[in-house]
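To start, the structure itself, in structure tokens.
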Amino acid sequence: MKKSILIITIILALAALCACTEDGAQAYVPPATDTPPVSSETDDISSAPAPDDTDGNSGGADAAPPPDTAVTPDPMVSAQPKEPQVVICIDPGHGGKDSGAEWNGRIEKDDTLALALKVAQQVEELGHIALLTRNDDSYPYFSERAETANNANADLFISLHRNSFVGAQGVEIWISYRANTTTEEFAENMLEAIAEVGITKNRGVKKGTVSSSTEDYYVNKLTDMPSCIIELGFITSDEDNRLYDENMDAYAKAIAEQAVKEALYIKEEAK
Ligand SMILES: [Zn+2]
Numbered sequence: 196m197k198k199s200i201l202i203i204t205i206i207l208a209l210a211a212l213c214a215c216t217e218d219g220a221q222a223y224v225p226p227a228t229d230t231p232p233v234s235s236e237t238d239d240i241s242s243a244p245a246p247d248d249t250d251g252n253s254g255g256a257d258a259a260p261p262p263d264t265a266v267t268p269d270p271m272v273s274a275q276p277k278e279p280q281v282v283i284c285i286d287p288g289h290g291g292k293d294s295g296a297e298w299n300g301r302i303e304k305d306d307t308l309a310l311a312l313k314v315a316q317q318v319e320e321l322g323h324i325a326l327l328t329r330n331d332d333s334y335p336y337f338s339e340r341a342e343t344a345n346n347a348n349a350d351l352f353i354s355l356h357r358n359s360f361v362g363a364q365g366v367e368i369w370i371s372y373r374a375n376t377t378t379e380e381f382a383e384n385m386l387e388a389i390a391e392v393g394i395t396k397n398r399g400v401k402k403g404t405v406s407s408s409t410e411d412y413y414v415n416k417l418t419d420m421p422s423c424i425i426e427l428g429f430i431t432s433d434e435d436n437r438l439y440d441e442n443m444d445a446y447a448k449a450i451a452e453q454a455v456k457e458a459l460y461i462k463e464e465a466k
């Protein structure tokens, strides 16, 4: 009895081997009837047997369950690559020979770099591209900072700075005096998002420069895409500095999320 079972098994195995050599590795279908109930929740595995069923045609009634489980995950998988990706250029103000503002040993160029690195990380974690005009204590010229963004065809440019004026506090954003409503709204929304994290004072969105309403700061002047300069608190204010240190992760997250949101919106509008 045992011998006959063994012989039948060998014959079946040989038959299976022959099927494999004719149709390729996909032809070995029988185990698939066991797998559907086990892998009903895993998208990758359940979608694998489906092509075998259509090619092999050996399953008959058994072939019905796998297509049902395979159909639902497919739109999910194909939807992901279609999501547009945006490029956010982040410019840590100053650097190298240019320290920016200094107050009680605190240096603006270090503050801006620390925040910029975190913003870039957040943008990447959201699945988008972060471009930094510097990622160390170097000093790119304004033209080089703008070129970094322009050459990469970045969707948004965000320059990070700390303000400086003894007795003042709060956050403000500077945009070009020629900024259109898209850039105005982008800056307004950005300031709103930062304010939600917690700031001493919302000083508003401002156009031009502090000394002229018909001139622009270089980065706002030389960049091709919507751009802004965020003056994230006064380095001369203990309260602003405390908020800057305590909320740096939250500021970075807010800036990154808002930037990606705005860039996606602008990209969509441009279509
Ligand atoms: Zn500055």
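Numbering (my numbering), first residue to last: 196 to 466.
A virtual CB, placed ideally from N, CA and C, is assigned to each residue, including glycine.
All values derive from a computational prediction rather than experimental measurement.
Under the three-state DSSP convention, the category residue i falls into
i      : result
Phe352 : strand
Asn436 : helix
Thr307 : helix
Ser407 : coil
Val392 : helix
Ala465 : coil
Ala341 : helix
Asn442 : coil
Asn330 : coil
Asn415 : helix
Asn358 : strand
Per-residue burial, residue i [other beta carbons within 10 Å of its own, 16 or more giving buried]
i      : result
Lys448 : buried
Val455 : buried
Asn330 : exposed
Tyr336 : exposed
Arg340 : buried
Ser406 : exposed
Thr376 : exposed
Asp286 : buried
Ser432 : buried
Val361 : exposed
Thr378 : buried
Ala374 : buried
In DSSP terms, what residue i is bridged to
i      : result
Leu427 : Val366
Asp293 : Gly290
Val400 : Ile368
Ala325 : Ile283
Arg373 : Arg373 pairs with nothing; no bridge assigned.
Integer Cβ distance of residue i from residue j, believed to fall under 8 angstroms
i      : j      : result
Asp435 : Gln364 : 5 angstroms
Asp332 : Lys304 : 7 angstroms
Gly428 : Asn345 : Wrong, their Cβ atoms sit about 29 angstroms apart, outside the cutoff.
Leu417 : Ser338 : 6 angstroms
Leu310 : Tyr446 : 6 angstroms
Close Cβ partners of residue i (< 7 angstroms) along its chain, the five nearest in sequence each way excluded
i      : result
Asp350 : Val281, Val282, Ile283, Met420, Ala458, Ile461 and Lys462
Gln453 : Asn384, Met385 and Ala388
Thr409 : Tyr372 and Gly403
Ala451 : Val314, Gln317, Val318 and Leu321
Own chain partners of residue i with C-beta closer than 8 angstroms, once the 5 adjacent residues on each side are dropped
i      : result
Tyr334 : His289, Gly290, Gly291, Lys292 and Asp293
His323 : Gln280, Val281, Val282, Ile283, Val455 and Ala458
Lys401 : Glu367, Ile368, Trp369 and Ile370
Ser422 : Ala344, Leu351, Phe352, Ile353, Ser354, Ile370, Ser371, Thr378, Val414 and Asn415
Glu297 : Glu303 and Ile430
Ala390 : Val366 and Asn397
Glu464 : Thr377
Leu308 : Pro287, Gly290, Arg329, Asn330, Asp331 and Asp332
Sequence-distant residues of the same chain with beta carbon closer than 6 angstroms to residue i, five excluded per side
i      : result
Asn299 : none
Ser371 : Asp411 and Asn415
Pro425 : What sits at residue 425 in the sequence shown is Ile, not Pro. Result list for Ile425: Leu355 and Ile368, in chain order.
Glu319 : Ala325
Phe381 : Pro421 and Glu457
Val392 : Asn442, Ala445, Tyr446 and Ala449
CB contact below 8 angstroms: residue i versus chain E
i      : result
Leu351 : Going by chain labels, chain E is absent from the structure shown, which holds only one protein chain.
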